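>
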Amino acid sequence: MVFNDALAARREAHETGLAYLTDAELSARLTLAKATPERAWLGEVSAVVLQQALADLNSAYRNFFASVTGKRKGRKVAPPRFRSRKDRRQAIRFTANSRFRVLDNGWLRLPKIGDVEVRWSRDLPSDPSSVTVIMDAAGRYFASFVVEAGEDPLPVLAADTGIDLGLNHFAVMSDGRKVVSPKFLRRAERKLRKAQQSLNRKVKGSSNRTKARVEVARQHAKVADSRRDWQHKLSTEIIRDNQAVYVEDLCVSGLGRTRLAKSVHDAGWSAFTAMLEYKAKLYGREFRKIGRWEPTSQVCSACGVKDGPKPLSVREWTCKACGTVHDRDVNAAKNILALGRRESLNACGGDVRPASMAAGPGEAGSLRGAA
Ligand SMILES: [Zn+2]
């Protein structure tokens, strides 16, 4: 509501040729709005949350301006849109200023909402600096905390690995190990597809359609949860067993526009590499993304000769120069490992910032009895 009012005010100013409304003006308008009968209920809401809505609008505008002027790289960012009460996923963020508190009995105290019981998925390593309460499409509540994580390095190992993320296998390692997504996950994905098809057949506006939509949201949440759990296990294992981990930088937003889009998002590569990255930081491991422009699938990992492009259907090939027979994906993973080692040698200096990590939904714990 606050977000939308502020956005409407800024749009109106823009259309009538007025200057961009400053935060101070918006904040003043917010105070005035509380005095009107239609917006009186805003007084009931924690002030920090209202200011947060304005801050969210600001960062949406900042991203948009940076995108327009070319300061922000990657996909173009659209101007902010009005938020809808119907948005399937809703979130509210409390910063430390809003005085939310984790109580000794494990409940979470939220300003103007009260105490809610939390089912913790893991312990907080330190005091959180903010908490975001999310209601997902299936109507479940999650609390996601931002904590400054102290680093906890594991003993140094000699092993390192290159990982090729692919469509046939979820991941192929440079030692030849191939990881496929587990059966239970594929089964859940199949169920989701069926629920989706059934939804598409229902008449718009019918109560059956509403029922089908809830079912799709339920299956979707299930798939997302299982996938996340599985990816956590896999990424933890990889980080535990290797001192350095190299993956190909997929530029998912670039691939996303092709017909591979669905597979890319289903495979959840970017979520997976993000897990590898923060866990590497946490446990004193090296994580490196290898540039997309390196033709990892065209170069022979044994002799280094570039063999030329190969269609995706070619799963195995023989190097014309040295005669080595290659599995396409294992060869790519070996090249990623070699490139990673080279970049690692060239790199100097280190990142000394503490890892600030956000625990995503499902990782942090779900709320029961949240208002
Ligand atoms: Zn060769």
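Under this note's numbering, read the sequence shown as residues 2 to 372, first letter to last.
Just so it is clear, CB atoms sit at the ideal spot from N, CA and C, and this is done for glycine as well.
These figures come from a predicted structure and were not determined experimentally.
1) Taking C-alpha atoms, which residue in 70, 28 and 221 lies nearest to residue 200?
2) Under DSSP, the alpha helix (DSSP H) around residue 273 begins and ends at which residues?
3) Looking only at DSSP bridge pairs, what is residue 247 linked to?
4) So is residue 53 buried or exposed if we call it buried at 16+ other beta carbons inside 10 Å?
5) Excluding the 5 residues flanking residue 350 on each side, which residues of the same chain have their C-beta closer than 6 Å to its C-beta?
6) Rounding to the nearest angstrom, what Cα-Cα distance links residue 142 and residue 196 in this structure?
7) Going straight from the alpha carbon of residue 225 to that of residue 160, what length do you get?
8) Please indicate yes or no: does the CB of residue 333 lie closer than 7 Å to some heavy atom of ligand 1?
9) Should residue 132 be listed as close to ligand 1, given that the test is whether its C-beta is under 7 Å from any heavy atom?
10) Distance check for residue 156 and residue 370, CA to CA, integer angstroms please.
11) Residue 185: buried (16+ other C-beta within 10 angstroms of its C-beta) or exposed?
12) Give the list of continuous beta strand (DSSP E) stretches no shorter than 3 residues that lie fully inside the segment 92-151.
13) Would you kindly work out how many angstroms separate the C-alpha atoms of residue 64 and residue 10, rounded to a whole number?
14) In three-state DSSP terms, what is residue 172?
15) Do you know how far the Cα of residue 271 is from the Cα of residue 254?
16) Does the count of Cβ pairs from the segment 283-303 and the segment 229-243 closer than 8 Å reach three?
17) Check the C-beta distance from residue 94 over to residue 112 and give it rounded, since I have them as a contact under 8 Å.
18) Quick check: does the Cβ of residue 303 come within less than 7 Å of any heavy atom belonging to ligand 1?
19) Measuring from the CB of residue 306, is there a heavy atom of ligand 1 at a distance below 7 Å?
20) What is the residue span of the alpha helix (DSSP H) that residue 328 lies within?
21) On the three-state DSSP scale, how would you describe residue 195?
22) Check whether the Cβ of residue 325 sits closer than 7 Å to any heavy atom of ligand 1, and report yes or no.
23) Closest to residue 230 by CA distance: which of 191, 205, 273 and 250 is it?
24) The alpha helix (DSSP H) spanning residue 211 covers which residue range?
25) Tell me whether residue 218 counts as near ligand 1, meaning its Cβ is closer than 7 Å to at least one heavy atom of that ligand.
26) Between which two residues does the beta strand (DSSP E) containing residue 319 stretch?
27) Can you tell me the Cα-Cα spacing of residue 303 and residue 342, whole angstroms?
28) Our contact map puts residue 92 next to residue 119 with C-beta atoms below 8 Å; I'd like the distance itself, whole angstroms only.
29) Can you check whether the CB of residue 127 is closer than 8 Å to the CB of residue 152?
30) Quick check: is any heavy atom of ligand 1 less than 7 Å from the C-beta of residue 322?
31) Here's a check: name, in chain order, each residue in its chain whose Cβ is nearer than 6 Å to the Cβ of residue 300, leaving out the five neighbours to either side.
32) Assuming residue 334 and residue 173 make a contact with CB atoms under 8 Å, what is their CB distance in whole Å?
Per the coordinate set shown:
1) By one-based count along the sequence shown, residue 200 stands at place 199. When each option's Cα is compared against that of residue 200, the closest is 221.
2) Within the sequence shown, residue 273 is the residue found at index 272, counting from 1. Residues 270-283.
3) As a position in the sequence shown, residue 247 is number 246, starting the count at 1. DSSP lists 163 and 289 as partners of residue 247.
4) Counting from 1 along the sequence shown, the entry for residue 53 is found at position 52. Answer is buried; the Cβ neighbour count reaches 16.
5) The residue given as residue 350 occupies position 349 in the sequence shown. Low confidence applies to residue 350: its pLDDT is 49, below 50, so where it sits in the model is not reliable, and the reading given next is rough at best. Correct list: empty, nothing qualifies.
6) Residue mapping note: residue 142 aligns to position 141 of the sequence shown, counting from 1. Residue mapping note: residue 196 aligns to position 195 of the sequence shown, counting from 1. For residue 142 and residue 196, the distance between alpha carbons rounds to 22 Å.
7) For the purposes of this step, residue 225 is identified with residue 224 of the sequence shown, where counting begins at 1. For the purposes of this step, residue 160 is identified with residue 159 of the sequence shown, where counting begins at 1. Rounded to the nearest angstrom, the two C-alpha atoms are 31 Å apart.
8) To locate residue 333, count along the sequence shown from 1; it is residue 332. No, ligand 1 has no heavy atom inside 7 Å of this Cβ.
9) As a first step, residue 132 is located in the sequence shown; it is residue number 131 there, counting from the start. Answer for residue 132: no, Cβ out of range of ligand 1.
10) In the sequence shown, counting from the first residue as 1, residue 370 sits at position 369. In the sequence shown, counting from the first residue as 1, residue 156 sits at position 155. Summary for residue 370: the model assigns pLDDT 38, below 50, so the residue's position carries little reliability, and this model does not support an answer.
11) Start at 1 with the first residue of the sequence shown, and residue 185 comes out as number 184. Exposed, since its Cβ has fewer than 16 Cβ neighbours within 10 Å.
12) 109-111, 115-121, 129-136 and 142-150
13) Against the sequence shown, residue 64 aligns to sequence position 63. Against the sequence shown, residue 10 aligns to sequence position 9. If I take the Cα positions, the gap works out to 19 Å.
14) As a position in the sequence shown, residue 172 is number 171, starting the count at 1. Note: residue 172 maps to strand in three-state DSSP.
15) As a first step, residue 254 is located in the sequence shown; it is residue number 253 there, counting from the start. As a first step, residue 271 is located in the sequence shown; it is residue number 270 there, counting from the start. Bear in mind that a pLDDT of 45 at residue 254, under 50, signals an unreliable position, so the model cannot answer this.
16) yes
17) The residue you call residue 94 lines up with position 93 of the sequence shown. The residue you call residue 112 lines up with position 111 of the sequence shown. Their Cβ separation, rounded to whole angstroms, is 12 Å, which puts residue 94 and residue 112 out of contact at 8 Å.
18) Indexing the sequence shown from 1 puts residue 303 at position 302. Because some heavy atom of ligand 1 lies under 7 Å away, the Cβ of residue 303 counts as near it: yes.
19) Position 305 of the sequence shown, counted from the first residue, corresponds to residue 306. Because some heavy atom of ligand 1 lies under 7 Å away, the Cβ of residue 306 counts as near it: yes.
20) Stepping through the sequence shown from its first residue, residue 328 is reached at position 327. Where residue 328 is concerned, there is no enclosing alpha helix (DSSP H), although the beta strand (DSSP E) it sits in stretches over 326-328.
21) As a first step, residue 195 must be located in the sequence shown, where it is residue number 194. It is helical.
22) What you label residue 325 is simply residue 324 of the sequence shown in a count that begins at 1. Correct: residue 325 has its Cβ closer than 7 Å to ligand 1.
23) What you label residue 230 is simply residue 229 of the sequence shown in a count that begins at 1. Comparing Cα positions, the closest option is 273.
24) The residue given as residue 211 occupies position 210 in the sequence shown. Counting along the chain, the alpha helix (DSSP H) containing residue 211 begins and ends at 208-242.
25) Here residue 218 is taken as the residue at index 217 of the sequence shown, counted from 1. No; taking the cut-off as 7 Å, the Cβ of residue 218 has no heavy atom of ligand 1 nearer than that.
26) For the purposes of this step, residue 319 is identified with residue 318 of the sequence shown, where counting begins at 1. It spans 317-319 - the beta strand (DSSP E) in which residue 319 sits, taken as one unbroken run.
27) By 1-based counting over the sequence shown, the position of residue 303 is 302. By 1-based counting over the sequence shown, the position of residue 342 is 341. In a straight line, the C-alpha of residue 303 is about 15 Å away from that of residue 342.
28) Here residue 92 refers to the residue found at position 91 when the sequence shown is read from its first residue. Here residue 119 refers to the residue found at position 118 when the sequence shown is read from its first residue. Contact doesn't hold; Cβ gap of about 16 Å is too wide.
29) Looking up residue 152 in the sequence shown gives position 151. Looking up residue 127 in the sequence shown gives position 126. No, Cβ-Cβ distance for residue 152 and residue 127 is not below 8 Å.
30) Position 321 of the sequence shown holds residue 322. Correct: residue 322 has its Cβ closer than 7 Å to ligand 1.
31) Against the sequence shown, residue 300 aligns to sequence position 299. These residues qualify, in order along the chain: 307 and 336.
32) As a working note, residue 334 is residue 333 in the sequence shown. As a working note, residue 173 is residue 172 in the sequence shown. Indeed they touch by this definition, with Cβ atoms about 5 Å apart.
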